Amino acid sequence: MSEAGKTEYLIYPWKKQNPAETVQIERGEGIFFWDTNGKRYYDMSSQLLNMNLGFGNKEIISAIQHQTEKLAYISPKFATDVSAKLAEIIIKEIMPANMGKIFFTVSGADANEHAIKIARSVTGRHKIMSRYRSYHGSTMGASILTGEARGFLSAQDIPGFIKIFTPYPYRELDNFRYEEEMTSFYLQKLEEQILYEGRDKVAAIFLETIPGTNGVLIPPKGYLEGMREICTRYGILMVCDEIMTGWCRTGEWFSFTHWNIEPDIVTFAKGITCGYVPLGGVIVSKEIADFYNSSNFVSGLTYGAHPVGCAAGLAAIEVYRKYNILDNVRKMEPVLKESLEALKEKHECLGDVRVKGLLGMIELVKDKKNREPIVPYNEDKNRIVPRITGRLFAEGFSTYCHENMISVSPPLIIDKESIIDAVKILDNVLSRVDSGGLRE
């Protein structure tokens, strides 16, 4: 059977279907994976920002094997030792003091779906705000939350969902005298929009604490704190989507911790099991948890709180702690940032570098002075940026792109030498972009 014959019956995400172009992967170990031809690749996006602990982690694998033998599945109406323990550790040892309970889901998208339901149920309001330049998943509700082209194509003109703008310091800071002035502008506009929409109509504001795929847009000073204050003032639930940024990715267990805020709801997935099996969740405040002590929680999932997923989650948390992963992220952050900043100084096509922990993004431009993107927003008709990431992949540097940006977010176990070696590949490919070789 031909290589294409092995893959021709699959539908692949986010692309026109051409199985002949699909690379088959055979195995992975640590920060590397190999295709069926034996070629090795640096995993410089942690696959989809979920393989935080890399491939082949023996502790997680062992936990999955043990749980599968002990109890592979049970209806989510029952408690298990692994689901109860995982929830207790997250609430009591990782989350801020205001958090009360967890509803375990299968993925990040359905975590956001359930957060919508929870917000409307608890507040009795129907309007949901989320931001442009955001991604919350590709199921229907998560697509409605999403503030970019992939979401708009999936779910158009759904009433009750409202978009607000996201601060974009790289492209906007010149319009303000200082960062706090930008913050003041955006918070003022948010409050105005709430008043126009009806202060008693808005149930929740959903935000990726740091927008990930859409640019690693680090919030300006005071922005998240100000949003928290506005939400409190108007009785609006603040929902932090930590699906990409949770589980040590940014140098804290969850990225909202950097700004010392307490959300009402937190959604998570990805790094809780590091891709070994699916698991997500919705963490709710004590106040919301109390609401459901006297009101029915009207939802459920066949695979919610899956025992094997919860066992993998427990093992992953143990690995994060045992190997001081947070310390490694904090040590590697300046290595990654300085390596990419050096490329920014060298390459005309590299306009901006944004790094928080080991969440990194580079932004490609035609001209550094006017910051014109290398491709117009949502109009890369010649697939220039995918061709750049395709060249990176051919050189052994695996990552993904979105619009004019390329992710550089390696597994959290990476060391200094591997960062430097991988960035050399990026350096070589960007030289080709500078010369026009990948823009034709």
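Numbered according to our numbering, the sequence shown spans residues 233 to 672.
All residues carry an ideal CB built from backbone N, CA and C; glycine is no exception.
Given the structure is predicted, the values throughout are model-derived calculations rather than measurements.
My output table needs one value for aspartate 584: the three-state DSSP class, helix, strand or coil.
strand
For serine 277, count neighbouring Cβ atoms within 10 angstroms of its own Cβ and tell me buried if that reaches 16, exposed if not.
buried
Measure the alpha-carbon distance for valine 665 versus glycine 262 and round it to whole angstroms.
30 Å
Cα-Cα separation between histidine 634 and arginine 615, rounded to whole angstroms:
11 Å
How about alanine 347 and isoleucine 549: do their beta carbons lie closer than 8 Å?
no
Grouping DSSP H, G and I as helix and E and B as strand, with all else coil, what is threonine 499?
strand
What is the rounded straight-line gap between the Cα of leucine 624 and the Cα of leucine 658?
7 Å
Distance CB(glutamate 457)-CB(tryptophan 491) smaller than 8 Å:
yes
Reducing DSSP to helix, strand and coil, say where arginine 259 ends up.
strand
For serine 234, which residues in the same chain have their Cβ closer than 8 Å to its Cβ, ignoring the five residues on either side in sequence?
At serine 234, the pLDDT of 42 sits below 50, so the modelled position is not reliable and the matter cannot be decided from this model.
What is the rounded straight-line gap between the Cα of valine 328 and the Cα of serine 487?
The amino acid at residue 328 is misidentified as valine; the sequence shows proline. Taking the straight line joining both Cα atoms gives about 12 Å.
DSSP bridge partner residues for methionine 331 (one or two, in chain order):
Ser517
Answer yes or no: do methionine 564 and isoleucine 651 have a C-beta to C-beta separation smaller than 8 Å?
yes
Taking all protein chains shown into account, do 16 or more other C-beta atoms lie within 10 angstroms of the C-beta of asparagine 476, making it buried, or fewer, making it exposed?
Residue 476 is actually methionine in this sequence, not asparagine. Methionine 476 is buried by the Cβ-count criterion.
Our contact map puts isoleucine 306 next to threonine 312 with C-beta atoms below 8 Å; I'd like the distance itself, whole angstroms only.
6 Å
So the candidates are Ala304, Gln299 and Trp266; which of them puts its Cα closest to the Cα of glycine 288?
Trp266
Simplified DSSP assignment, three categories, for threonine 337
strand
What's the call for aspartate 545, buried or exposed, on a 16-neighbour Cβ count within 10 Å?
Note that residue 545 is glycine in the sequence shown, not aspartate. So glycine 545 ends up on the buried side.
Just how far apart, CA to CA, sit cysteine 506 and proline 539?
16 Å
How would you call isoleucine 243, buried or exposed, if buried means at least 16 neighbouring beta carbons within 10 angstroms?
exposed
Extract the residue ranges of the beta strand (DSSP E) inside the region 422-450, only unbroken runs of 3 or more that lie entirely within it.
434-440
Would you call the region 392-399 and the region 467-484 touching, i.e. three or more CB-CB distances under 8 Å?
no
How would you label glycine 237, buried or exposed, when you count the other beta carbons within 10 angstroms and need 16 or more for buried?
Its pLDDT being 45, under 50, glycine 237 is placed unreliably in this model, and the value from its coordinates should be taken loosely. It counts as exposed.
C-beta contact flag for arginine 586 and isoleucine 450 at 8 Å:
yes
As assigned by DSSP and simplified to three states, the class of glycine 669:
coil
In angstroms, rounded to a whole number, what distance separates the CA positions of isoleucine 645 and arginine 481?
11 Å
So the alpha helix (DSSP H) valine 551 belongs to, where does it begin and stop?
539-554
Tell me whether alanine 236 sits in a helix, a strand or coil according to DSSP, three-state version.
Here the model assigns alanine 236 a pLDDT of 43, short of 50, so the residue's position is not dependable and the matter cannot be decided.
Segment contact flag, the region 334-347 with the region 421-435, C-beta cutoff 8 Å, min 3 pairs
no
Contact between the region 513-524 and the region 282-301: three or more CB pairs below 8 Å?
no
Straight-line Cα distance separating threonine 239 from proline 251
6 Å
As a quick exercise: from Ile638, Glu577, Leu591 and Phe629, pick the residue whose alpha carbon is nearest that of valine 607.
Ile638
At the level of alpha carbons, what is the spacing between aspartate 647 and isoleucine 292?
21 Å
Isoleucine 504 bridges to which residues according to DSSP?
Partner(s): none; isoleucine 504 has no beta bridge.
Leaving aside the five residues before and after threonine 337 along the sequence, list all residues of the same chain whose C-beta is less than 7 Å from its C-beta, in chain order.
Ala343, His346, Gly512, Gly513, Val514, Leu533 and Gly536
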